[in-house]
Amino acid sequence: MVSRRVRRRRTEFAFGGFLFLVLIIYLAGFSGGSGKPTASTSTTSSSSTTGHAATLAAQHFPKNSPLNPDWKGNGHTVTLGFGGDVHFEGVVGAKLAQDASTALGTTIPQLFSGSNLSMVNLETAVTDGTCPEPQNKPYIFDAPASAITALKSASISLATEANDHGFDCGPQGLSQNLTIASQDSYPIIGIGNNAAQAFTPYRVTLNGQRIAIISATQVIANNLVSTWTASAAQPGVASAIDPTELVHEVQQVRKTADTVIVYVHWGTETQSCPNPSQEPLAQQLVNAGADIVVGTDAHVLSGAGYLGSAYVDYGLGNFAFYDNAAPETDSGALIISAQGRHITSAAWRPATLLSGLPQPLSGQPATAAIGSWNSARSCTNLAATSSSSVATLNGETKTFVAPPTTTTTSTATGTSGNTGATTTTTSSTGSTTSTSSTHATTTTTTPASTTTAPTDNAGG
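Count the sequence shown with the working numbering and you get residues 102 to 561, in order.
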């Protein structure tokens, strides 16, 4: 009898222990089964944490959408060619007057060989030749309508005039410019009768891939910002001094384009390294979904490379220009191939300006030029190879808020030997901007309001 009680108690004790163990397991599973990482699983090295975060971020993008950084469109490759500053002053202007069909020579198609599309910055207003309203600035660049013939003959697909010369001939000149481009069926972006037109992207389908290109300028002379900036009520250039509208346009285009490109007029003249206003803008544009960001204005070659999986070039230099001494004569074409948002290759085809036009380099000079171009990357915070995308879903979809005001001052020496003072004051407060990048030579006399000095580095 006693032995039976003992066995019964032992059995009851064992069964109670089993139930207690089950209860503990249940409670542990309930508290830890929400899918959230525990302390032990979230403690990793910085590199693996970054990779894990990138993977989690990618999972939040819609899978079959251009908003996803892994988007490749239809999988076909498109090759794009980008050149720098083009105008028709000096020796290039003389060639235009002689014969528009040969004004840009025969080498540009060679530099863009294999590209499905090619683009340059047209650093001049295009009018009927009268420049009806010359602006209050040191140098006015004005080309006749035959400039469009020259661009077409050189197999340049399109141009941007979002720069510090696109409005050199005022509202009437811009009206002529738009009319000439329309009549010649030639796409010129970055200018418009209003902001909506100035920011309107160039869209084209190549190899079944939807390509969109937007253009804007960070460079407008201080005294002209209010009158040059295209708005709902006035004509002008697409301005990126306040990046809000440009970033918004990238976000909108990102939804329906396989590859998004932004061509920006930015930088400090004669400086190969990006200034403090360029890197934040590049980051903002890439966060918003830009796959390629390129630009000009320094008139020298600047560094290029990858910002995550996007490709950025801070300065394409001069492409057809009257500068006649290095480094302003260092030139070339940037050739980028892409499958949707995936950059498959990026290469620099070096050239040198001779009589204002780019002459492709080969052999040892080409090798040296490419080496120099690669070296310029060292001050850009860009990488030589692609890595995980830095785009975010919030960046691509949420309303962009402009960053606080930043002010930077630096000096440089232009090709004429004068000291050029460059002051960048960016005020980003919603949709208003008080000042901008300016370029001025320190001379004792006020320059005339027409272009007379071939040593001008296109400043102001």
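We treat Cβ as the ideally placed atom computed from N, Cα and C, and that holds for glycine.
Annotation: the stretch 186-217 contains the following complete segments of the alpha helix (DSSP H) (minimum length 4 residues), in chain order: 191-199 and 209-212. Between the C-alpha atoms of Gln379 and Arg442 there is a straight-line separation of about 22 Å. In this chain, the beta strand (DSSP E) harbouring Pro461 covers Leu458 to Pro461.
Of Ser247, Ala467, Ser214 and Val401, the smallest CA-CA separation from Asp285 is found for Ser247. Counting along the chain, the unbroken alpha helix (DSSP H) around Ser276 starts and ends at Gly271 to Gln284. According to the DSSP assignment, Asn388 belongs to no beta strand (DSSP E) but to the alpha helix (DSSP H) extending over Gln379 to Asn388. Distance from Ala503 to Pro375 at the Cβ level is roughly 19 Å; contact not present, criterion being Cβ atoms closer than 8 Å. Judged by DSSP secondary structure, Pro505 falls outside any alpha helix (DSSP H); it is assigned neither H nor E.
When the beta-carbon positions are compared, Ala477 and Leu402 come within less than 8 Å of each other. In the same chain as Ser446, and ignoring 5 residues on each side of it, the C-beta atoms closer than 6 Å to its own belong to Ser438, in chain order. Here Leu454 carries a strand assignment [DSSP, helix/strand/coil].
Judged by DSSP in its simplified three-state form, His177 adopts coil rather than helix or strand. Membership of Gly464 in the alpha helix (DSSP H) is indicated by the continuous run Gly464 to Ser476.
Here Ala469 is exposed: its Cβ has fewer than 16 other Cβ atoms, across all protein chains shown, within 10 Å. Annotated three-state conformation of Arg442 is coil, per DSSP. Per DSSP, reduced to three states, the secondary structure at His366 is strand. Closest option to Glu346, judged by alpha-carbon separation, among Thr500, Trp172, Glu190 and Pro170: Thr500.
Where Leu252 is concerned, there is no enclosing beta strand (DSSP E), although the alpha helix (DSSP H) around it starts and stops at Ser247 to Ser254.
Ser216 is not a Cβ neighbour of Leu168, given a cutoff of 8 Å.
Under DSSP, the beta-bridge partners assigned to Tyr303 are Ile314. Contact check for Ala399 against Thr371 passes: the beta carbons are separated by less than 8 Å. Residue environment for Gln319: buried (at least 16 other C-beta atoms within 10 angstroms of its C-beta). Of the other Cβ atoms in all chains shown, fewer than 16 fall within 10 Å of the Cβ of Thr231; this residue is therefore exposed. Ala492 has no beta-bridge partner at all, per DSSP.
Looking at the backbone, the Cα of Arg304 and that of Val394 are separated by about 16 Å. Within a 10 Å sphere around the beta-carbon of Gln465 sit fewer than 16 other beta-carbons, which makes this residue exposed. The straight-line gap separating the alpha-carbon atoms of Pro288 and Thr498 is approximately 28 Å. Put simply, the backbone Cα of Leu462 is about 5 Å away from that of Ala452. Judged by DSSP secondary structure, Leu347 falls within the alpha helix (DSSP H) whose first and last residues are Thr345 to Arg355.
Using a 10 angstroms sphere on the CB of Ala226, the tally of other CB atoms reaches 16 or more, which defines it as buried. In this chain, Val326 is not harboured by any beta strand (DSSP E); it is covered by the alpha helix (DSSP H) spanning Val326 to Trp329. The three-state secondary structure of Asn222, taken from DSSP, is strand. With respect to the 8 Å criterion, Gly368 and Gly416 are classified as neighbours on the basis of their beta carbons. Ile290 and Ile314 do touch by the CB rule: their CB atoms are close to 7 Å apart, below 8 Å.
For Pro336 and Gly472, the gap between their C-alpha atoms comes out near 42 Å. By the CB criterion at 8 Å, Leu454 and Asp424 fall inside the cutoff.
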